[in-house]
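The sequence shown begins at 130 in this note's numbering and counts up by one. Where a beta carbon is used, it is the ideal one built from N, C-alpha and C, also for glycine. This one's a predicted model, so the numbers in the text were calculated from it and none came from an experiment. Take a look at the structure below.
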Amino acid sequence: ELKQVTTNQMLGLMLLAYAFSFAVRLIWVWQFNGEANYMWNNELMINTNDGYFFASGAQQALDGLHMENPRVFGMWDYGVIFFTTLFVKITPFSLETVTLYMPAVISSIVVIPMILIARLYKQTMWGFFAALLGSITWSYYNRTMTGYYDTDMFSAMAPMFILFFLMKSTIDSALHSALYASIAIVLYPFFYDQGLIIVYGMGIIYGLYMVWYHRDKSVTYASLILIFLALIPLPLEKPYSYLIHSAVLILVYFFLKTEKLKEKELMISSAILFFLFLLFGNVFGLVWGKIASYVITGTSEEGLHFYAVNQTVREAGQIPFTTFANRISGSIMGLLLASIGYVLLVIRHKAFILALPLVAIGMFALFGGLRFTVYAVPIAALSAVYLFWMVAQITVKEKLHQYLFMGIMTAGLIYPNITHIVAYTVPTVFTKPEVKDLVKLNELSSPKDYTLSWWDYGYPIWYYSDTSTLIDGGKHNNDNFIISKIMFSTSPTQVANLSRLAVETYVDSNFSIVANQLFSVDKNPEKLLTALKRSDFKLPKKTREVFLFMPYKMMRIFPTVGVFGNLDLRTGKKKRNIIFYPSRIANQVGSNIKLENGIVYNMATGIIQIGSNRAKVNKFDVVEYRPNGKSVRESNINHIDGTLCIVFMRTYNSFVVMDRETYNSAYVQMFMLDNHDKNLFELVVSSPYGKTYRVKKE
130 ELKQVTTNQM LGLMLLAYAF SFAVRLIWVW QFNGEANYMW NNELMINTND
180 GYFFASGAQQ ALDGLHMENP RVFGMWDYGV IFFTTLFVKI TPFSLETVTL
230 YMPAVISSIV VIPMILIARL YKQTMWGFFA ALLGSITWSY YNRTMTGYYD
280 TDMFSAMAPM FILFFLMKST IDSALHSALY ASIAIVLYPF FYDQGLIIVY
330 GMGIIYGLYM VWYHRDKSVT YASLILIFLA LIPLPLEKPY SYLIHSAVLI
380 LVYFFLKTEK LKEKELMISS AILFFLFLLF GNVFGLVWGK IASYVITGTS
430 EEGLHFYAVN QTVREAGQIP FTTFANRISG SIMGLLLASI GYVLLVIRHK
480 AFILALPLVA IGMFALFGGL RFTVYAVPIA ALSAVYLFWM VAQITVKEKL
530 HQYLFMGIMT AGLIYPNITH IVAYTVPTVF TKPEVKDLVK LNELSSPKDY
580 TLSWWDYGYP IWYYSDTSTL IDGGKHNNDN FIISKIMFST SPTQVANLSR
630 LAVETYVDSN FSIVANQLFS VDKNPEKLLT ALKRSDFKLP KKTREVFLFM
680 PYKMMRIFPT VGVFGNLDLR TGKKKRNIIF YPSRIANQVG SNIKLENGIV
730 YNMATGIIQI GSNRAKVNKF DVVEYRPNGK SVRESNINHI DGTLCIVFMR
780 TYNSFVVMDR ETYNSAYVQM FMLDNHDKNL FELVVSSPYG KTYRVKKE
């Protein structure tokens, strides 16, 4: 018989599980290391757009950049910015290296609370095997892999520490365990503010659990005082709110330890704090806001009808059950085993009810989107491996053989996740040539200037060009309408005027939502949009330069960009059907060119067939981009009355079929065809990967 795992052995298991988690995350580095196009400053670039938001904050703290950008936050606003700044200062590593590897370093810490939770029940090996699985399961890996520099590195790790301390307090009935949990709750928003609803749920269920199962113990109400006090937000500046809140908790802890209060006094105090938490924590508003933000899509119902961005975000849509199962456990079988295991856990160890918020929000992913699956991953891993342990207890006598059985079964669940990880070869956000374009923009712009582009590229624009943007990955509101209008406008004058007006209005209104400033219910928005097409439109005084960034990669999402501006703001109805089909040549037989998307174009007749529909082609353009940024264009008119146009981008071997209005849009003309009004715009950066224009209109 094997003896119980000692403390030193447990630490060794933690180190081993951590090393496994970290090593698996190096697979992506091994796959892409040495790829010149993915390197910048001698390091692999990160692979998530949002990472540049936090990296820009680190740049500000380290180098004083982005001081004119109202959207860049400081090191005390987000724990990820704080630790990034700290690591760059105290280690020899560059900012690029820290942002690349920090997700792997931090997220792998999740193995510690998983093992500690199992050790509460004297089953450390259960926690070890669960940690091996949970630390690299599909969803958790995707959002914490090397290069995925985002607060998601704390998404599951931080609440698991809170869960451990809460569960520990129910088992050892020690007030100091509740103190540790309460301090962890206070610090949680610093690490991952998006998951506050989870902590609220855990706090409420903890209160119900303690009152139901431990109501006869005086330490129960003392513990609830600490937890509910931790859940009440303090209206203080960061980091003082965290420091003062933690200090108050420590003082209250010593007061509760030294003063022998009556149980009734403790009950009343905890009840008062609970209601204060509900009142000041905005619990119900937060819950509804989170649900609404991911479930409610389409256009707004009151006032002007702007398009909601969530309908176009992949993470915010409903997901198939197979995807749901894969992301939580790696397979449908894995999820089934985890579900059975969790039920058994709650039956045999009731404290696992405290994990219900993590499980519930993971299940919400079926309706709210795949990003929610990550929260349920560690609990699913603990549950599945617990089921293996239960089966081993029943079927295998020797403990060594039990561990062997658990290891084999866990390996079976790990395998599909490793297979996914090896195949999950996501590229970096930008390639080296694309970054060079933004660095060139940085060289000819000033920090107070603005670069207008789609929100996907907002954060990288900050980081590499040190200019501000109107919309970005965290600010994609009604101003999406403005950027969409700029990119799809067929009037160069309107593009120049709206670009200048939007930026100057944004700055002058103390960085308010521009669309809400320019358009109102009592005035027809079309009147202003029409007036912007006039060359004599009176613009605000110029205070800074405005640039238009038109990258090649926007072509694949161009129809989505168009959705936001293709609206009658008074009714919310779309104005026209946008046709924009980028594809490649599949084969050519005689004069017939068949594209990979099934479209067939006859070069001899100028007729195109899309499905069962045939249409005449008005223009057929061939454009080729040279390495020096210059382009060569050949344009042919096929049918005067044609309704569609085709652009063959020889450099990319790409065919783009579009309607005539889209063909005349700013993006198609200025980027794809290198055609712009030199009186209104100056081409300042040009390459096959994108074009950047300076707005000359004042």
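If you drop the 5 nearest sequence neighbours on each side, which residues of the same chain put their C-beta closer than 8 Å to that of residue i?
i, result
"Ile-238", "Tyr-147, Met-286"
"Gln-138", "Thr-253"
"Met-231", "Val-209, Phe-212, Thr-213, Phe-216, Tyr-278, Met-282"
"His-768", "Gly-735, Lys-745, Val-746, Asn-747"
"Ile-334", "Ile-482, Leu-483, Leu-485, Pro-486"
"Lys-391", "none"
Buried or exposed: where does residue i fall if 16 or more other Cβ atoms within 10 Å of its Cβ makes it buried?
i, result
"Leu-144", "exposed"
"Glu-811", "exposed"
"Val-632", "buried"
"Asn-808", "exposed"
"His-530", "exposed"
"Tyr-502", "Contrary to the premise, residue 502 reads as Thr rather than Tyr in this sequence. Buried."
"Ile-537", "exposed"
"Ile-379", "exposed"
"Lys-826", "buried"
"Asn-546", "buried"
"Trp-341", "exposed"
"Ile-737", "buried"
"Leu-372", "exposed"
Using only alpha-carbon positions, find the residue among the options that is nearest to residue i.
i, options, result
"Pro-562", "Phe-258, Val-814, Asn-765, Lys-703", "Val-814"
"Ala-310", "Gly-497, Ser-268, Ile-354, Tyr-532", "Ile-354"
"Ser-347", "Asn-782, Phe-496, Met-396, Ile-615", "Met-396"
"Asp-665", "Phe-182, Ala-625, Ser-720, Phe-258", "Ala-625"
"Pro-556", "Ser-284, Arg-705, Met-274", "Met-274"
"Leu-433", "Leu-372, Asn-176, Phe-403, Leu-698", "Leu-698"
"Asn-757", "Ser-375, Lys-386, Ser-816", "Ser-816"
"Thr-700", "Ile-327, Glu-655, Val-551, Asn-166", "Glu-655"
"His-478", "Pro-688, Leu-542, Tyr-515, Ile-728", "Tyr-515"
"Val-675", "Arg-629, Gly-163, Gly-410", "Arg-629"
"Phe-559", "Glu-164, Gly-324, Ala-247", "Glu-164"
"Asp-595", "Asn-731, Asn-716, Leu-194", "Leu-194"
"Leu-292", "Ala-715, Ala-480, Phe-409, Leu-337", "Ala-480"
"Pro-486", "Val-158, Pro-711, Met-331", "Met-331"
"Trp-583", "Asp-601, Ser-649, Ser-597, Gly-410", "Asp-601"
"Leu-724", "Ala-733, Ile-714, Val-718, Asn-731", "Ile-714"
"Leu-668", "Asn-653, Leu-647, Asp-651, Asn-731", "Leu-647"
"Tyr-754", "Tyr-588, Asn-782, Thr-349, Leu-696", "Asn-782"
Can you give me the Cβ contacts of residue i inside the same chain, cut-off strictly under 6 Å, excluding the 5 residues immediately before and after it?
i, result
"Phe-610", "Phe-435, Ala-644, Phe-693, Gly-694"
"Ala-454", "Ile-461, Leu-464"
"Asn-793", "Thr-619"
"Pro-288", "Ile-327"
"Glu-431", "Low local confidence applies: a pLDDT of 49 at Glu-431 is under 50, so the model's placement there is unreliable, and no value is given."
"Ser-429", "Its pLDDT being 49, under 50, Ser-429 is placed unreliably in this model, and the value from its coordinates should be taken loosely. Only Phe-435 meet the Cβ criterion."
Just to confirm my understanding: we take residue i, look at its own chain, exclude 5 residues before and 5 after, and list those with CB closer than 7 Å. What are they?
i, result
"Lys-251", "Gln-133"
"Val-488", "Tyr-471, Ala-505, Ile-508"
"Trp-518", "Gln-252, Trp-255, Met-535"
"Leu-627", "Ile-611, Lys-614, Ile-615, Leu-661"
"Val-520", "none"
"Ala-307", "Ser-298, Ser-352, Leu-355, Ile-356"
"Ile-241", "Met-143"
"Lys-847", "Because the chain spans 130 through 827 in this model, residue 847 falls outside it and cannot be assessed."
"Ala-494", "Ile-448, Phe-453, Phe-501, Thr-502"
"Ala-552", "none"
If the criterion is Cβ atoms closer than 9 Å, does the pair residue i and residue j meet it?
i, j, result
"Asp-322", "Tyr-207", "yes"
"Ile-490", "Thr-266", "no"
"Ala-184", "Leu-140", "no"
"His-343", "Ala-359", "no"
"Tyr-181", "Tyr-579", "no"
"Ala-795", "Pro-621", "yes"
"Val-412", "Tyr-329", "yes"
"Gly-414", "Pro-362", "no"
"Phe-290", "Ala-313", "yes"
Can residue i be considered in contact with the ligand PLP, in the sense that its beta carbon sits closer than 8 Å to one or more heavy atoms?
i, result
"Asn-607", "The ligand PLP is not part of this structure, which contains no ligands at all."
Cβ contact check for the segment 674-688 and the segment 797-804: 3 or more pairs under 8 Å: Two segments are said to touch when three or more pairs of C-beta atoms, one from each, lie closer than 8 Å; by this definition the segment 674-688 touches the segment 797-804.
Mind the definition here: the segment 159-179 touches the segment 569-577 only if three or more C-beta pairs lie below 8 Å; say whether that holds. no
Touching by the beta-carbon criterion (3+ pairs, under 8 Å), the segment 777-794 and the segment 695-710: yes
Any contact of the segment 387-401 with the segment 365-379, i.e. 3+ C-beta pairs under 8 Å? no
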